[in-house]
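Here's the structure we're looking at; comments come further down.
Numbering (the working numbering), first residue to last: 5 to 373.
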């Protein structure tokens with residue numbers, strides 16, 4: 005009896021000791037070039053037939069044919085749950101159908117929880133207050149949403165579907181975001197020990213905050229994410245939702261983006277927004293901005309991913325292409341995966357209403373990188 009008990013305890017001990025080794029298995033969630041299928045299940049008021057018809061199988065087939073290997077799929081809480089927390093069935097059906105179509109067309113998918121009721125990356129302009137970072141209840145609700153998403157999505161291969169559990173955190177203190185990372189990571193790992201998780205940095209996933217990011221130790225199924233739209237007067241020229249978009253002067257890229265003369269001619273209330281763009285902007289400047297993110301990813305041996313980058317369609321095309329070429333060359337040099345913002349909205353290359361390319365040269369530039 006004593007021998008049998010010892011044998012049993014030894015077996016249990018060996019089993020427990022072997023569990024971390026299972027978690028260390030690295031998925032084959034390999035990504036290189038993708039795009040955001042945005043303004044469909046996120047940031048859209050379309051419902052019913054308009055939403056169902058907005059993205060179809062031909063869109064996934066087109067992305068495969070062009071040479072993309074993955075999509076980032078933003079989703080919003082308001083589309084998937086009502087205010088009482090009840091599921092809204094049609095959005096869930098569209099999500100699973102999208103994952104099935106992506107798989108059929110050899111596209112991996114990052115499911116990105118983009119906007120939730122307790123957090124909006126654009127809260128100031130949306131007239132709301134982010135409560136996520138100071139409310140235990142809101143944090144538990146975030147975890148509960150991912151429990152429900154996991155219940156539906158866990159059947160998809162770890163090699164084909166990844167979870168980005170929140171988009172562009174905007175915490176007043178970096179440690180507030182780090183604590184949420186730890187909470188959600190622990191909760192999801194209890195449910196899905198192998199799923200690839202995409203984790204971004206604080207303050208709109210900027211590269212400058214990577215040095216404050218605390219990454220769960222020993223987990224190799226993590227992709228580190230940043231977003232990049234600098235210089236903003238270039239990428240957001242004419243954008244109506246941000247003060248920088250009100251600038252209508254000349255731009256020089258590469259070079260001193262805004263000349264002193266153009267700065268002096270700008271409206272006085274706009275000059276504080278423009279001051280940092282009096283400096284030189286070129287490939288080397290972008291490389292410097294990326295440095296912290298590259299260093300952190302290399303230190304942890306994790307894939308680095310630029311989850312959003314792009315140029316508004318109102319931007320001069322020659323200027324836009326020069327910036328895009330520099331971005332692509334840096335991605336190549338440092339093995340950074342990327343997803344353009346976006347497929348078919350105002351930063352996109354496809355016109356969904358006319359069913360044609362609105363910027364074919366941009367697509368050719370992206371696919372020839």
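Ideal Cβ positions, reconstructed from N, Cα and C, are used throughout, including at glycine. Please read these numbers as outputs of a predicted model, since none were measured by experiment.
As a quick exercise: from the options, pick the residue whose alpha carbon is nearest that of residue i.
i	options	result
residue 222	183, 214 and 305	305
residue 115	266, 363 and 168	168
residue 351	29, 40, 30 and 31	40
residue 369	324, 207, 49 and 55	324
residue 276	262, 287 and 289	262
residue 203	175, 170 and 190	170
residue 77	158, 166, 154 and 159	166
residue 153	137, 307, 139 and 81	81
residue 303	200, 93 and 215	215
residue 66	360, 366 and 365	360
residue 130	47, 300 and 199	47
residue 143	157, 175 and 187	187
residue 91	156, 43, 128 and 194	156
residue 120	257, 79 and 140	79
residue 83	149, 198 and 72	149
Using 10 angstroms around the beta-carbon of residue i, count the other beta-carbons present and answer buried if the total reaches 16, otherwise exposed.
i	result
residue 245	exposed
residue 311	buried
residue 151	exposed
residue 371	exposed
residue 25	The predicted model places residue 25 with a pLDDT of 40, which falls under 50 and marks its position as unreliable, so this point remains unresolved.
residue 118	buried
residue 264	exposed
residue 213	buried
residue 322	exposed
residue 124	buried
residue 211	buried
residue 319	buried
residue 122	buried
residue 32	exposed
residue 328	buried
residue 29	exposed
residue 138	exposed
residue 243	buried
residue 363	buried
residue 358	exposed
residue 225	buried
residue 199	buried
residue 194	exposed
Along the beta strand (DSSP E) that carries residue i, what are the first and last residues, could you check?
i	result
residue 342	340–344
residue 179	From DSSP, residue 179 is part of no beta strand (DSSP E) but of the alpha helix (DSSP H) over 178–195.
residue 229	226–231
residue 75	74–80
residue 166	165–168
residue 113	112–119
residue 50	Neither: residue 50 is in no beta strand (DSSP E) and is coded neither H nor E.
residue 312	307–312
Which same chain residues, not among the five before or five after residue i, have their C-beta less than 6 Å away from its C-beta?
i	result
residue 74	35, 38, 111 and 112
residue 173	181 and 206
residue 344	39 and 314
residue 164	107 and 112
residue 133	none
residue 374	Here the chain covers residues 5 to 373 and nothing more, so residue 374 does not appear.
residue 218	182
residue 300	214
residue 233	239
residue 109	64, 65 and 68
residue 309	227, 229 and 341
If residue i sits next to residue j, beta carbons under 8 Å apart, how far is it from one beta carbon to the other, in whole angstroms?
i	j	result
residue 278	residue 267	6 Å
residue 69	residue 105	About 14 Å; that fails the 8 Å criterion.
residue 99	residue 45	7 Å
residue 231	residue 208	6 Å
residue 178	residue 220	The Cβ separation is near 16 Å, so there is no contact.
residue 287	residue 330	4 Å
residue 353	residue 332	14 Å between Cβ atoms; not a contact.
residue 274	residue 251	6 Å
Output needed for residue i: all residues of its chain with C-beta closer than 7 Å, excluding positions within five of it in sequence on either side, in chain order.
i	result
residue 97	none
residue 161	none
residue 291	334
residue 50	58
residue 284	259 and 260
residue 175	137, 181 and 206
residue 253	262, 266, 269 and 270
residue 147	187, 188 and 191
Which residue comes first and which comes last in the alpha helix (DSSP H) that contains residue i?
i	result
residue 70	61–70
residue 206	206–209
residue 324	321–337
residue 58	53–58
residue 151	140–157
residue 32	That residue, residue 32, is in no alpha helix (DSSP H); it is neither H nor E in DSSP.
residue 276	275–278
Counting contacts by CB-CB distance shorter than 8 Å, is residue i in contact with chain B?
i	result
residue 213	The question asks about chain B, but that chain is absent: this structure has only one protein chain.
Which same chain residues, not among the five before or five after residue i, have their C-beta less than 8 Å away from its C-beta?
i	result
residue 71	37 and 371
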